[in-house]
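Here is the structure we will look at.
Numbering (full-length UniProt numbering), first residue to last: 1 to 85.
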């Protein structure tokens, strides 16, 4: 192989390696962004699950309180009816 052909091929190879490094850098950057987004989404999901759990507990308490209030009202109505008789 002649020297000028070898030099030309070597320059082409170096240029191709440089473009590969740029592409690799872009891929790494995209991967880093996606990883960051994934972590943020996982945190958001956990926060939503905690909020939903707290809401469920709150609703259960309200239902319990409503039933207790109904029982108390019935009891008080009976007391009033008995006192009127």
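In this text, a Cβ means the ideal position worked out from N, Cα and C, and glycines have one as well.
Secondary structure of residue 2, DSSP reduced to three states: It is coil, neither helix nor strand.
Reduced DSSP secondary structure (H/G/I, E/B, other) of residue 28: Here residue 28 sits in helix by DSSP.
Helix, strand or coil at residue 51 [DSSP, three-state]: Assignment of residue 51 by DSSP, reduced to helix, strand and coil, places it in the helix class.
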